[in-house]
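If you're matching positions, the sequence shown starts at 562 in our numbering and goes up one per residue.
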Amino acid sequence: MTDEETGSEATSGGDESAPPEVDHESELPEDHPRYQSLLTRHRIEEGVERGITSTQGLIAEGRGEAFDYLLGEETLPSADAAARAAAAHLLLAEHPVLSVNGNVAALVPGEIVALADATGADIEVNLFNRSEERMAAIAEHLREHGADEVKGLAANARIPGIAHERAKVDADGIGAADVVLVPLEDGDRAEALGELGKTEIVIDLNPLSRSPRMAAVPIIDNIIRAVPNVTRHARSLSDASREELVRVLQEFDREAALREAERAIREGDLE
Ligand code: PTJ
562 MTDEETGSEA TSGGDESAPP EVDHESELPE DHPRYQSLLT RHRIEEGVER GITSTQGLIA
622 EGRGEAFDYL LGEETLPSAD AAARAAAAHL LLAEHPVLSV NGNVAALVPG EIVALADATG
682 ADIEVNLFNR SEERMAAIAE HLREHGADEV KGLAANARIP GIAHERAKVD ADGIGAADVV
742 LVPLEDGDRA EALGELGKTE IVIDLNPLSR SPRMAAVPII DNIIRAVPNV TRHARSLSDA
802 SREELVRVLQ EFDREAALRE AERAIREGDL E
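In structure tokens form, the structure reads like this:
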């Protein structure tokens, strides 16, 4: 669509209508009041076009976006505290793993690589709608964004108690992990990973969803903001002693984080 067809007003700040279709995200107007939402939609759409994100991922994104709208598209102080606790868990872990699905790969590929670098975590692709083509496309996409090694393709271990494709993991990846970041998922795998004694960090905009409710650390925030925020905390905690990191974990209140997010969504002031 051209500017003439949409009217140039559409791209100016203050007008909340979507700007004309863009080929690259750098063309999105950063001063648009709904910039973050436009960026997210653009990345997800491109993810589907590139065979990275499933069409169901579009629906999941729409659901997340509604919650983010009610949160005012901002990181709550309780979500920031959760991001700090997540960083402490990842730094204390023997074998941390960041699990990546089609939405995560489309939305925050470079940011996941940066978090893995800051915490020494492995990156593993794990899909609900698993196909060899999508697995390969996501691994390639992550490598293009700087990942050295991407796990998940061997699929030589299974998580007990899961009937679907998400049960497939790498024995030396999620299979051997003590701490796993599990963003944007349903509750089945979160529950099964918990039963294996793994510590779970969940990023999900819905505080009522089963996966954040199962997690040791629920980060109720948009993944676009949450992953860079965990990385920022990991960098600032990189010289912290074991005792200091344990203190960060002890000070974090998961129930309060869930409660605060639910309160903000139900009672939020949408000025
Ligand atoms: O790539 P695949 O095949 O593994 O499939 C991935 C999807 C996301 C399609 C699959 O895991 C799925 O259907 O997930 P659900 O059950 O819709 O759950 C997704 C959760 O993520 C919902 O609670 C959404 O509110 C939340 N969510 C969506 N977008 C975001 C989000 N949370 C944080 N940031 C987002 N951008």
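Here a beta-carbon is modelled for each residue, glycine too, at the ideal position from N, C-alpha and C.
Per DSSP, Pro638 is one residue of the alpha helix (DSSP H) stretching across Pro638 to Leu653.
Judged by their CB atoms, Met775 and Ala738 are not nearer to each other than the 8 Å cut-off.
Here Val658 is bridged, per DSSP, to Asp683 and Val741. Between Asn767 and Ala644, the gap from beta carbon to beta carbon reaches 8 Å or more.
Here the alpha carbon of Val711 sits roughly 28 Å from the alpha carbon of Ser598. The Cβ atoms of Val743 and Ile762 lie closer than 8 Å to each other.
Measuring C-alpha to C-alpha distances from Thr616 to each of Asp629, Ala627, Arg602 and Phe628 identifies Arg602 as the nearest. Inter-residue distance for Ala654 and Leu631 is about 34 Å (C-alpha atoms, whole angstroms).
Within 10 angstroms of the beta-carbon of Pro721 lie fewer than 16 other beta-carbons, which makes it exposed.
A heavy atom of the ligand PTJ is found nearer than 7 Å to the CB of Asn662. Boundaries around Ile780 are those of the beta strand (DSSP E), Val778 to Ile780, since no alpha helix (DSSP H) includes it. In this structure, Glu586 has its CB at a distance of at least 7 Å from all heavy atoms of the ligand PTJ. For Ser615, the shortest separation between its Cβ and any heavy atom of the ligand PTJ lies below 7 Å. When distances are taken from the beta-carbon of Asp800 to the heavy atoms of the ligand PTJ, even the shortest one reaches 7 Å or more. Of all alpha-carbon atoms in Glu586, Ser660 and Gly618, the one lying nearest the alpha-carbon of Val740 is that of Ser660. Among the bridge pairs identified by DSSP, Val763 is matched with Val743 and Pro779. The continuous stretches of alpha helix (DSSP H) do not include Thr614, and DSSP gives it neither H nor E. Distances between the C-beta of Ser598 and the heavy atoms of the ligand PTJ are all 7 Å or more. The alpha-carbon separation between Ala667 and Glu821 amounts to approximately 28 Å. As the crow flies, the alpha-carbon of Asn717 is around 29 Å from that of Leu619. In this structure, Ala677 keeps its C-beta atom at 8 Å or more from the C-beta atom of Phe813. With respect to the 8 Å criterion, Asp749 and Glu685 are not classified as neighbours on the basis of their beta carbons.
Per DSSP, Ala698 is one residue of the alpha helix (DSSP H) stretching across Glu693 to Glu705.
For the pair Ala675 and Ala818, the CB atoms are not nearer than the 8 Å cut-off. Taking 7 Å as the cut-off, one finds at least one heavy atom of the ligand PTJ near enough to the beta carbon of Leu688. Residues Gly608, Ile613, Thr614, Ser615, Gly618, Leu688, Arg695 and Ile699 of the same chain have their beta carbon placed closer than 7 Å to that of Gly663, with the five preceding and five following residues left out of the count.
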